[in-house]
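Down below is the structure, laid out as structure tokens.
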Amino acid sequence: MTNMVSAQWLHEHLTDKNVVILDASMAPVGFEQQVSDEVIPGALRFDIEQFSDAANPLPHALPSAMQYSAMMRKLGVSVNSHVVVYDNIGLYSAPRAWWMGTIFGLKHISVLDGGLPNWLKQGFATAQQHSSAAEEGNFKAVLNQSALVSAEDILADLSNGTLNKVDARGAARFCGQVAEPRKGLHSGHIPGAKNIPFTQCSHNGLLHAPNELRALFEQQGISPDNTLVASCGSGVTACVVLLAAAECGFQNLKLYDASWAEWGNGQWPIEVNGDV
Numbered sequence: 001m002t003n004m005v006s007a008q009w010l011h012e013h014l015t016d017k018n019v020v021i022l023d024a025s026m027a028p029v030g031f032e033q034q035v036s037d038e039v040i041p042g043a044l045r046f047d048i049e050q051f052s053d054a055a056n057p058l059p060h061a062l063p064s065a066m067q068y069s070a071m072m073r074k075l076g077v078s079v080n081s082h083v084v085v086y087d088n089i090g091l092y093s094a095p096r097a098w099w100m101g102t103i104f105g106l107k108h109i110s111v112l113d114g115g116l117p118n119w120l121k122q123g124f125a126t127a128q129q130h131s132s133a134a135e136e137g138n139f140k141a142v143l144n145q146s147a148l149v150s151a152e153d154i155l156a157d158l159s160n161g162t163l164n165k166v167d168a169r170g171a172a173r174f175c176g177q178v179a180e181p182r183k184g185l186h187s188g189h190i191p192g193a194k195n196i197p198f199t200q201c202s203h204n205g206l207l208h209a210p211n212e213l214r215a216l217f218e219q220q221g222i223s224p225d226n227t228l229v230a231s232c233g234s235g236v237t238a239c240v241v242l243l244a245a246a247e248c249g250f251q252n253l254k255l256y257d258a259s260w261a262e263w264g265n266g267q268w269p270i271e272v273n274g275d276v
């Protein structure tokens, strides 16, 4: 499976019958940059808020395999589809859609490198509204539970430290120097976690080259020999780090889906002003 595709590749394959383009844009917490409301021609709307477990009080919690299957089929996704996901910031929420597809068993799902901003920069055509699927797909999801960890898993690991824990939030939030944007959460980070802000994985929305990404992890003492567990505020930008790790050769990747929305509630041990 190719984790990334270029704007040029998508432009050349825009009308391929097996290609399904999904716009996974979402409004970031505290993000003030003006973004385009144009869409890539043929793109369907992948609403991350809808692709969440509404019964879970935590934000953006993974849906069930049944819910995910039904919603993807409505978007025309079938077993042999090549799904291409993008967002209107560049590289922000699309990796969340990629990770969901990966752990739910999609064989071919890729992130559009640079997202909509790079598509526009290349001068490719856009549309003013999303498309609808011509027909329902036949995709059936099976969740790879081993690609997820719980707070209890992380707590058990604090004593032996076999997991490479990476926090994708900004340094100020990681160090506990600023208040969390979500009310009721403590500031700081999971003990022993390393900080790789998701913004360090790309430039102008384009993912860094594999050797640059490998160096980014090595600077934090993170080896591909160990399991990498990514977290963030609510499980979205952690997926940027997972995508970056996958692109530079990491094999054992897991997501702490509940992320700081759960860990920061005061029930779990917190470290403040640790090394970044």
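For the sequence shown, full-length UniProt numbering gives the first residue as 1, with consecutive numbering after it.
Glycine included, C-beta positions come from ideal geometry on N, C-alpha and C.
As the structure is a prediction and not an experimental result, all values here were calculated from the model.
V276, DSSP secondary structure in three states: The residue you call residue 276 lines up with position 276 of the sequence shown. Low local confidence applies: a pLDDT of 42 at V276 is under 50, so the model's placement there is unreliable, and no value is given.
Same chain, Cβ closer than 7 Å to G101, five either side skipped, listed in chain order: Taking the sequence shown and counting its residues from 1, one reaches residue 101 at position 101. So the list reads V83 and I109, once near-sequence residues are dropped.
Three-way DSSP call (helix, strand, coil) for Y86 in this model: Here the question's residue 86 lines up with position 86 in the sequence shown. Annotated three-state conformation of Y86 is strand, per DSSP.
Under 9 Å between C-beta atoms of I48 and I21: Indexing the sequence shown from 1 puts residue 48 at position 48. Indexing the sequence shown from 1 puts residue 21 at position 21. When the beta-carbon positions are compared, I48 and I21 stay at least 9 Å from each other.
Those runs of the beta strand (DSSP E) which lie wholly inside the UniProt domain "Rhodanese" (15-128) and span at least 3 residues: Restricting attention to beta strand (DSSP E) runs no shorter than 3 residues, the UniProt domain "Rhodanese" (15-128) encloses them at 19-23, 82-86 and 109-112, ordered along the chain.
Buried versus exposed, by CB contacts within 10 Å (16 or more), H189: By 1-based counting over the sequence shown, the position of residue 189 is 189. That one is buried.
DSSP-derived helix/strand/coil call for V241: By one-based count along the sequence shown, residue 241 stands at place 241. V241 falls in the helix class under three-state DSSP.
For H208, three-class secondary structure by DSSP: If you number the sequence shown from 1, residue 208 lands on position 208. DSSP places H208 in the coil class of the three-state scheme, outside both helix and strand.
Inter-residue spacing [alpha-carbon to alpha-carbon] between V276 and K17: Within the sequence shown, residue 276 is the residue found at index 276, counting from 1. Within the sequence shown, residue 17 is the residue found at index 17, counting from 1. Bear in mind that a pLDDT of 42 at V276, under 50, signals an unreliable position, so the model cannot answer this.
Neighbour-count burial assignment, A238, 16 or more Cβ in a 10 Å radius: Within the sequence shown, numbered from 1, the residue matching residue 238 stands at position 238. That one is buried.
For L143 and I103, believed in contact at Cβ under 8 Å, the rounded distance: Along the sequence shown, read from residue 1 onward, the residue named residue 103 stands at position 103. Along the sequence shown, read from residue 1 onward, the residue named residue 143 stands at position 143. So it is a contact: roughly 6 Å between Cβ atoms.
Sheet register partners of H186 (DSSP bridge): Taking the sequence shown and counting its residues from 1, the one referred to as residue 186 is at position 186. In DSSP, H186 forms no bridge with anything.
Neighbour-count burial assignment, K165, 16 or more Cβ in a 10 Å radius: As a first step, residue 165 must be located in the sequence shown, where it is residue number 165. Buried is the call here.
Given 8 Å, three or more beta-carbon pairs between the segment 107-127 and the segment 198-206: By the C-beta criterion, the segment 107-127 is judged to be in contact with the segment 198-206, since at least 3 inter-stretch pairs fall below 8 Å.
Own chain, CB closer than 6 Å to S131, minus 5 neighbours either side, in chain order: In the sequence shown, residue 131 corresponds to position 131, counting from 1. Taken in chain order, the residues that qualify are G42 and L44.
When S259, Q67 and L158 are compared against F139, the one with the closest alpha-carbon: Taking the sequence shown and counting its residues from 1, the one referred to as residue 139 is at position 139. The shortest C-alpha separation from F139 is found at Q67.
Simplified DSSP assignment, three categories, for A179: In the sequence shown, the residue the question calls residue 179 occupies position 179. For A179, the three-state secondary structure derived from DSSP is coil.
Bridge-paired residues (DSSP) for H203: Walking along the sequence shown from the start, residue 203 turns up at place 203. Under the DSSP definition of a beta bridge, H203 partners with L206.
Buried versus exposed, by CB contacts within 10 Å (16 or more), S231: Residue 231 sits at position 231 when you count from the first residue of the sequence shown. By the C-beta density criterion, S231 is buried, having at least 16 other C-beta atoms within 10 angstroms.
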